[in-house]
Amino acid sequence: MSKKGPEKEKKAAKQVVTIYSPDYFGYKEIGTTLVSDPKEAIGRTLWVSLYTLTGDFAKQYLLIKFKIVRVKDDLTAETIFYGHEYGREFLRSLVRRGTTRIDGIFNLTTKDGFEIRAHAVAFTIKRLTPHCLKVRMIRKIMQKVLEEASKNLTLAQLAQEMVLGKTASDIFQEAKKITLLRHVGIVKSKVLKIPEWVYTAKEIEEAAPSAFTSSEV
Numbered sequence: 001m002s003k004k005g006p007e008k009e010k011k012a013a014k015q016v017v018t019i020y021s022p023d024y025f026g027y028k029e030i031g032t033t034l035v036s037d038p039k040e041a042i043g044r045t046l047w048v049s050l051y052t053l054t055g056d057f058a059k060q061y062l063l064i065k066f067k068i069v070r071v072k073d074d075l076t077a078e079t080i081f082y083g084h085e086y087g088r089e090f091l092r093s094l095v096r097r098g099t100t101r102i103d104g105i106f107n108l109t110t111k112d113g114f115e116i117r118a119h120a121v122a123f124t125i126k127r128l129t130p131h132c133l134k135v136r137m138i139r140k141i142m143q144k145v146l147e148e149a150s151k152n153l154t155l156a157q158l159a160q161e162m163v164l165g166k167t168a169s170d171i172f173q174e175a176k177k178i179t180l181l182r183h184v185g186i187v188k189s190k191v192l193k194i195p196e197w198v199y200t201a202k203e204i205e206e207a208a209p210s211a212f213t214s215s216e217v
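With this note's numbering, letter number 51 in the sequence shown gets 51, and the count goes up by one each step, no holes.
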């Protein structure tokens with residue numbers, strides 16, 4: 001019988017890392033993750049409903065994605081906004097017969113160097129021909145509002161404006177001059193590229209105050 005090899009090293013005990021939303025989303029505990037080494041948590045993501053952050057049950061349809069970028073010595077994890085989306089059932093409920101859905105998907109760069117993709121949608125009250133002038137004009141308004149916002153705002157600020165409805169409201173105010181609209185929203189976004197300073201800075205920049213007052217239309 002062959003000799004037994006050296007005893008396997010005992011696996012490192014798992015540690016619990018507590019995950020918090022960014023300051024600009026209230027710095028609330030949003031979950032935990034088990035790791036052998038705290039560095040393993042960096043890069044992990046999780047989805048949280050806006051209801052969890054605000055306590056407003058009417059906002060449970062909107063999901064926000066956060067990404068861990070740093071773990072402190074006390075095993076608390078700092079996150080950044082990494083995207084959001086409407087729940088499928090809610091988005092499906094917005095569709096009506098005899099109306100038109102107008103989509104616009106745009107790649108943007110924020111003031112502080114994040115590259116993101118945002119998906120705006122508008123639902124009209126009356127049906128429009130898919131490629132008519134009004135549809136093209138509304139899509140141009142979406143692009144203009146989002147590009148101007150991203151150019152002048154940090155990710156923290158833009159994330160709040162997209163999630164809480166400010167960006168959609170700005171689009172609505174311009175687009176309603178073209179045709180009657182039932183709903184405008186930023187239904188999805190995702191961060192495509194994170195600037196290096198996020199991982200090297202001692203503290204994540206507090207670029208926007210925490211505010212949960214919706215202006216969604």
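Glycine residues also receive a C-beta, built at the ideal position from the N, C-alpha and C atoms.
The beta strand (DSSP E) enclosing residue i, as first and last residue numbers
i	result
I194	No beta strand (DSSP E) holds I194; DSSP gives it neither H nor E.
E40	Run containing E40: none; DSSP gives neither H nor E here.
S49	45–49
L180	Premise fails: L180 is in no beta strand (DSSP E) and is neither H nor E.
T99	Note, T99: premise wrong, no beta strand (DSSP E); not H, not E.
K28	Here K28 belongs to no beta strand (DSSP E), and DSSP marks it neither H nor E.
I116	115–124
L63	62–71
Y20	15–20
Buried versus exposed call for residue i [16 or more other C-beta atoms within 10 Å across all chains shown]
i	result
T32	exposed
T100	buried
S93	exposed
Q157	buried
L50	buried
V16	exposed
F57	exposed
W197	exposed
G98	exposed
A149	buried
A175	buried
G55	exposed
CB of residue i within 8 Å of CB of residue j, strictly
i	j	result
T52	T110	no
L181	F123	yes
P283	I80	The structure shown does not extend to residue 283, since the chain is modelled only from 1 to 217, so the question has no answer here.
V71	I42	yes
T129	Y82	no
E115	K193	yes
P195	D73	no
Same chain, Cβ closer than 7 Å to residue i, neighbours up to 5 away in sequence not counted
i	result
L146	F106, L108, A118, A120, T167
I178	K134, M137, I138
T76	T18, Y20
Terminal residues of the alpha helix (DSSP H) in which residue i lies
i	result
D170	166–175
R136	133–152
R88	88–93
Close Cβ partners of residue i (< 6 Å) along its chain, the five nearest in sequence each way excluded
i	result
H84	I64, V163, S189
F25	L53
M142	G104, A120, I171
Any non-hydrogen atom of the ligand ATP closer than 7 Å to residue i Cβ
i	result
G31	As for the ligand ATP, it is missing from this structure, which has no ligand bound.
Spatial neighbours of residue i in its chain, beta-carbon cut-off 8 Å, leaving aside the 5 residues before and after
i	result
V187	E85, Y86, L91, H119, A120, V121
R96	F123, R182
V191	K67, I80, F81, Y82, G83, F114, E115, I116, L155
K39	V71
Proximity test, Cβ basis, 8 Å: residue i and chain E
i	result
E174	Among the protein chains of the structure shown there is no chain E, as only one such chain exists.
task: State whether the stretch 161–168 contacts the stretch 32–43, with contact taken as three or more CB pairs (one from each stretch) at a distance under 8 Å.
output: No, because fewer than three Cβ pairs between the stretch 161–168 and the stretch 32–43 fall closer than 8 Å, the two stretches do not touch.
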